[in-house]
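Comments concern the structure below.
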Amino acid sequence: MSLLDAARQVRENAHAPYSNFKVGAAIRVESGAVYTGCNVENLAYPQGTCAEAGAIAAMCAAGDYRIAEVAVIADAPDPVPPCGGCRQKLMEFASPEVRVTMATTDGATRTVTLGELLPGAFTPDHMSRT
Ligand code: THU
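Residues 0 to 129 (numbering that gives the first Met the number 0) make up the sequence shown, in order.
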């Protein structure tokens, strides 16, 4: 199964009764393993989590920490990019060269690098004077 198909499949399990906007995300790590996540909303709206965060949590829970590729899909007019917070979350485990494919359920896709999505990222270098 392609990474995008994995994202498409997990999107079906999203819990999005408040926005009615289901999102699926899939992460491939360097070993080839794939981790998926969907958005999980909550009646207390700020407690909801994004699909990308779910996939990252699954990855870490399995003991993997280096992202090789990302796919995100939603039912939208144009491919939906990860939100700002998720860009930072992805950058924690990925290099700026990692490819992020965004897709619509209609079949449109757009692929960019994480560095293009998050230029000027906050990195460990910013916390070191040495
Ligand atoms: N959402 C994601 O899951 N990922 C994104 O990158 C964009 C937004 C979710 C959060 C919320 O459940 C719904 O989409 C509407 O914002």
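Backbone N, C-alpha and C fix where the C-beta goes; we use that ideal spot for every residue, glycine too.
The DSSP-derived three-state label of Gly36 is strand. With a cutoff of 7 Å on beta-carbon distance, Pro78 and Arg109 are scored as near each other. Val28 and Leu42 have their alpha carbons spaced roughly 33 Å apart. Pro80 and Glu115 have their C-alpha atoms roughly 11 Å apart. Between the ligand THU and the CB of Asn38, the shortest heavy atom gap is smaller than 6 Å. According to the DSSP assignment, Arg10 belongs to the alpha helix (DSSP H) that extends over 2-10. Following the DSSP letters along the chain, one finds Arg86 in no beta strand (DSSP E) but inside the alpha helix (DSSP H) bounded by residues 83-90.
Not one heavy atom of the ligand THU sits closer than 6 Å to the Cβ of Pro123. Between Gly53 and Gly31, the C-beta spacing is not below 7 Å. Closest in alpha carbon position to Ala5, among Pro123, Ile72, Gly106, is Ile72.
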